[in-house]
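Trainee: If you use this note's numbering, the sequence shown closes out at 1051, no skipped numbers anywhere.
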Amino acid sequence: MTTDRLMALDLLVSVLTAAAWVSAGVAATARRPRTAAALFAVALVASLARVWSVLALAGAGWWFVQEKITVVLPLLVAAGAAATALAGPRLLRAARADAASRDAVKAPAVVVPLLGAGYAAAAGIVQTFLIGYPADPGTALLLLAVAAGAVLGTWRAMSTHVPGLRTATAATAVAAVLGATLVFVPFAEETTAEGSAPGGTAAMGATGAASHAHSAAGESAPVMGGATRPVTDLRGPATPPPGGAVRRFTLTARTATVTLSSGRKVSAWTFDGQVPGPAITAVQGDLVEVRLRNADITSGVTLHWHGYDVPSGEDGVPGLTQEAVPPGGEFVYRFVAAQAGTYWYHTHEVSDLGVRMGLYGTLVVTPKGTATTGVDLTLPVHTFGGATVTGDRDQPLVRQAAPGTPVRLRLINTDNTPHRFTLAGTPYRLVAVDGTDLNAPGTLGRAGLRLAAGGRYDLAFTMPPGPAVLRIDDRTDSVRLVPSSTGDESAGASADAGAVPSAGGQTADWPELDLTRYGAPAPTPYTSRDHFDRDFTLVLDRGFALTNGRPMYAHTVNGQAFPDIPTEVVREGDLVRLTVVNRGRDTHPWHLHGHRVLVLSRDGRSVTGSPLWLDTFDVQPGEVWEVAFRAANPGLWMNHCHNLSHADLGMMLHLAYEGVTTPFHGAHSG
């Protein structure tokens, strides 16, 4: 059974356990001894099943059961044992006696222990789904105090005389106050000699991910010895490498009304009045220079080059590498187009809203000396105005191509959630992922391609004699390629979509491609057997956390939310392993700025296909990903979930190189 299913089963058993204990208490209150006894038996079986489900889940890793083993099960077992010892014998005797003895099961000595076990089981559910990972002494004391308070309240409601009530109430109050103090009053974390805080993240260092690291005045955070340099010095060159050209672009951010291919008009935030923004293209070795201007986006705007390893000062993270460009302002980005492949750009200021409203575009760099032949389509997919659009089209794009023509489809997921792509009518190969070519990619046919939010796939095939159809999420035709006899690949580009029948057919039952098994192995610069200089673990969850001193139901990392998640600190040249664990119910596309990561394993299974170099990897519920990278791009970097609404609710942190500082406020918030 998969970890995801074990998590769901454990949730089901936990709810059943709480319901059975509470129902037994309610039945006893209603003087139904036989019903109460039957429910008591169900509660015992459910409690034992809960112990089994937790132990089974422990096989997936300590991260999935930490709060269950340290808090939830001890509380449930203690309360269940008390209910069995105190209420069980009376309940069974009453169930076997005549109707005149029914009043015996309504006694507090029966009802209170049964309901108390129900309160304890319910407290475990609260711990897992409202407080989240990890359980600590403070939350344990709070839960114990709440459960004990509920027991005392029930007992007092059923009896006018409760022995030791004042003492028990006082002890409960002390536990509640102490627990709240431990939870809500910040204490300095102890760090190891490696500079790593408990849970695997590094202690506060050069970026100030925690709120105390940078003052509002923009003071730089302390660094860990040695020379320092500001991130503003880490900029791209002013001239291209020998043989390279300068590619200059100007993008102006402004609000506008965009007309989709169907004629529907949508209010948008745009670059140059269009969605997506102008395509930025270059040849490997060129110098890309982009002048960003802001006409009227009141929240400000930046440009982040998603997946592209630009110098840190060009990364476009407001408050960390630059200030957001205000209305009337401008900022010039420069970087060498060293990486060939398919990428994209988007604003990183209030990015959840900004990207959804249209502040994004494509970046494609072709290899030097390679001529583009045939059909090469860049296809950013976005949910815009309530519709799934490909580029600026909410209707299928129809292109003609002569049979035998080489075709390349560059798929870019600019949404917050994954999309599933299928290509029908032709065999094809998945030749590149996140801009990096795969080794010996095999031929695919009836396969579903799950593309993470922010990720990119390049598909290549030879135009067949019949139509080929690219479909999104098994329901929307995105591109229809139809054969032409003229050899004019541009003919029919604006043809009536309705005039060309879909060749997609049913694709929902096509199996999903496992990227970790696709292609052929090849040597990599490091493997899971190497020594890692830094080892970070990020446990992704949902729960209440303090954010800027305010409690919020956040998307958390190691139980904390931005800006209170400790920064990961590395030295230049370090080999770094990052373990990302998803113990929640949401999918988290994880994205590290400035670095490609090599996938080492998923759920403990090593990659057996082509090496996977990714900048965004989809961590689904119950999954554990191990990835690695060489710290070879000095700077200050975001490390976050690329479901941008999750990042907005706390699921982001910083990765900092020792000695790098920022003159900005450090509190990037979107």
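Ideal Cβ positions, reconstructed from N, Cα and C, are used throughout, including at glycine. Bear in mind the structure is a predicted one, so any value in this text is a computation, not a measurement.
Tell me the DSSP secondary structure of SER540 in three-state form.
Mentor: Here SER540 sits in coil by DSSP.
Trainee: Would you list the one or two residues that DSSP bridges to TRP443?
Mentor: Per DSSP, none; premise fails for TRP443.
Trainee: With a CB to CB cut of under 8 Å and the five nearest residues on each side skipped, what residues in its chain are close to ASP733?
Mentor: Closer than 8 Å at the Cβ level, and outside the excluded window around ASP733, lie ASN797, LEU1025, SER1026, ALA1028, ASP1029 and GLY1051.
Trainee: Near ARG471, what residues of its chain come up, given a Cβ to Cβ distance below 6 Å and the 5 sequence neighbours on each side ignored?
Mentor: For ARG471, where only same-chain residues beyond five positions count, the Cβ hits under 6 Å are VAL491.
Trainee: Helix, strand or coil for THR416, going by three-state DSSP, please let me know.
Mentor: Helix, per DSSP.
Trainee: Give the secondary structure of TYR907 by DSSP, where H, G and I count as helix, E and B as strand, and everything else as coil.
Mentor: It is coil, neither helix nor strand.
Trainee: Mapping DSSP to helix, strand and coil, what is GLU1039?
Mentor: Coil, per DSSP.
Trainee: For the region 950-975, list the beta strand (DSSP E) runs that are entirely contained and at least 3 residues long, ordered along the chain.
Mentor: If we require 3 residues or more, the beta strand (DSSP E) runs fully inside the region 950-975 come out as 956-963 and 969-973.
Trainee: Apart from the five residues just before and just after THR403, which ones in its own chain have a Cβ nearer than 7 Å to its Cβ?
Mentor: The question names Thr, yet the displayed sequence has Val at residue 403. Excluding residues within five positions, the ones whose Cβ falls inside 7 Å are LEU496 and GLY499.
Trainee: Which term fits PRO822, buried or exposed, when burial requires 16 or more other beta carbons within 10 angstroms of its beta carbon?
Mentor: With 16 or more Cβ atoms within 10 Å of its Cβ, PRO822 is classed as buried.
Trainee: Indicate the three-state DSSP secondary structure (helix, strand or coil) for PHE765 in the structure shown.
Mentor: DSSP places PHE765 in strand when its eight states are reduced to three.
Trainee: Does the pairing of the region 980-988 with the region 930-937 give three or more beta-carbon distances under 8 Å?
Mentor: No: the two stretches stay apart, fewer than three of their Cβ pairs being nearer than 8 Å.
Trainee: Which residue wins for smallest C-alpha separation from LEU563, given the options ALA538, LEU522 and VAL527?
Mentor: Checked all of ALA538, LEU522 and VAL527; the closest Cα to LEU563 is LEU522.
Trainee: Which residues does DSSP list as the beta-bridge partners of LYS646?
Mentor: In DSSP, LYS646 forms a bridge with THR640.
Trainee: Secondary structure at GLY742, three-state DSSP: helix, strand or coil?
Mentor: In this structure, GLY742 counts as strand in the three-state DSSP scheme.
Trainee: From VAL978 to THR908, what distance separates their C-alpha atoms?
Mentor: Roughly 12 Å separates the two Cα atoms.
Trainee: From the DSSP output, in three-state form, read off MET1032 for me.
Mentor: Coil.
Trainee: Could you give the DSSP three-state label for GLY924: helix, strand or coil?
Mentor: The answer is strand: DSSP assigns GLY924 an E or B state.
Trainee: In the DSSP assignment, what residue or residues form a beta bridge with LEU995?
Mentor: Answer is VAL978, bridged to LEU995.
Trainee: Please list the segments of the beta strand (DSSP E) lying wholly inside the region 838-870, counting only runs of 3 or more residues, in order along the chain.
Mentor: DSSP runs (the beta strand (DSSP E)) wholly in the region 838-870: 849-853 and 857-864.
Trainee: Could you have a look at GLU695 and say whether DSSP puts it in helix, strand or coil?
Mentor: Looking at GLU695 - three-state DSSP - the assignment turns out to be helix.
Trainee: For TRP402, does the three-state DSSP call read helix, strand or coil?
Mentor: Correct three-state label for TRP402: helix.
Trainee: Express the C-alpha separation of ASP667 and GLU575 in angstroms, rounding to a whole number.
Mentor: Here GLU575 scores only 34 on pLDDT, less than 50, and its place in the model should not be relied on; the value that follows carries that caveat. Those two C-alpha atoms are separated by around 40 Å.
Trainee: Are the Cβ atoms of LEU792 and VAL762 separated by less than 9 Å?
Mentor: Yes, Cβ-Cβ distance for LEU792 and VAL762 is below 9 Å.
Trainee: Go ahead and pull the three-state DSSP assignment for THR803.
Mentor: In the structure shown, THR803 sits in a strand (DSSP, three-state: E or B).
Trainee: Quick one: any contact between the region 700-708 and the region 675-682, if contact means 3 or more CB pairs under 8 Å?
Mentor: Touching, per the Cβ criterion.
Trainee: So for GLY836, helix, strand or coil by DSSP?
Mentor: The answer is coil: DSSP assigns GLY836 none of H, G, I, E or B.
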